[in-house]
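S.K.: Going by my numbering, the letters in the sequence shown line up with residues 453 to 625, in that order.
Idealized CB from N, CA, C, for every residue including glycine.
Every value quoted in this text rests on a predicted model; they were computed, and no experiment measured them.
Submitted below is the structure of interest, expressed as structure tokens.
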Amino acid sequence: MGDPDEHDPASHGREPLEGVDATDLHGAVDALAEALHAYVETAVGVRAEFGAREADEDPRVLALEARVGGLNAGLYDLLHSRLGLHADLTGMTWDDRSDDDAGPGERDTFHLGFVVELPGGVTDLTLEAVLDVVDDGGAHIAQTLLDRGYVVGEWGAGRGAPVLLDEDDEDDE
């Protein structure tokens, strides 16, 4: 078998792809749906035991988040290898507003998340050190946006939960 990053000419070609057996694709979706249902059940149970902050950090919740993330990545890989699609299934959007509605001074928040775990065995790596890497990446992204002409009013890196940014500064005045 070749390099897993190699593209299959049939699935990534210009011609329509006929006769695809979607059984394993549906199986991946079913496994993801099952994991999401397990997440909801676990989250409800954990939240009944603990406050929101503790529930966010509960190992059962984190384990299921990692499982959902892994299954989502597996679905992406399967769609990519079998159909040549670069499926954007993991992004989050809270409204259906398009950029066509945006004008000068219009702003929005964007988030990028990672689920990171330490490797097995003895290591000097720490999860705290990951925040430094994420912070460096955030600085690079902010600078790239500025270089392209965007206005970046604020940005932040955090661990455990998304950084809450002040979207509506005018409301505070």
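#1: Nearest CA to the CA of Asp587: which residue from Pro511, Arg534, Trp607?
#2: Rounded to a whole number of angstroms, what is the C-alpha to C-alpha distance between Ala480 and Gly536?
#3: Assuming the contact rule is C-beta atoms closer than 8 Å, Arg519 and Leu477 should be a hit. Round their C-beta distance to whole Å, please.
#4: Could you check the C-alpha separation between Glu542 and Val496 for me, to the nearest Å?
#5: According to DSSP, is Ala480 part of a helix, a strand, or is it coil?
#6: Can you have a look at Val513 and say buried or exposed, based on whether 16 or more other CB atoms are within 10 angstroms of its CB?
#7: Using only alpha-carbon positions, find the residue among Gly565, Ala539, Leu597, Arg611 that is nearest to Thr578.
#8: Count the other CB atoms, across all protein chains shown, that sit within 10 Å of the CB of Leu616; report buried if there are 16 or more and exposed otherwise.
#9: DSSP on His640, reduced to helix/strand/coil?
#10: Rounded to the nearest angstrom, how far is the Cβ of Val567 from that of Gly521, given a contact under 8 Å?
#11: Thr561 by DSSP, collapsed to three states: which one?
#12: For Leu516 versus Tyr491, is the C-beta distance shorter than 8 Å?
M.R.: On the basis of the coordinates in this document:
#1: Trp607
#2: Ala480 and Gly536 have their C-alpha atoms spaced approximately 16 Å apart.
#3: So it is not a contact: roughly 19 Å between Cβ atoms.
#4: Before going further, note that residue 542 is Thr rather than Glu in the sequence given. Those two C-alpha atoms are separated by around 22 Å.
#5: helix
#6: buried
#7: Arg611
#8: exposed
#9: It is not possible to answer for residue 640, since the shown part of the chain is limited to 453 through 625.
#10: Rounded, the Cβ-Cβ distance is 5 Å, consistent with contact.
#11: coil
#12: yes
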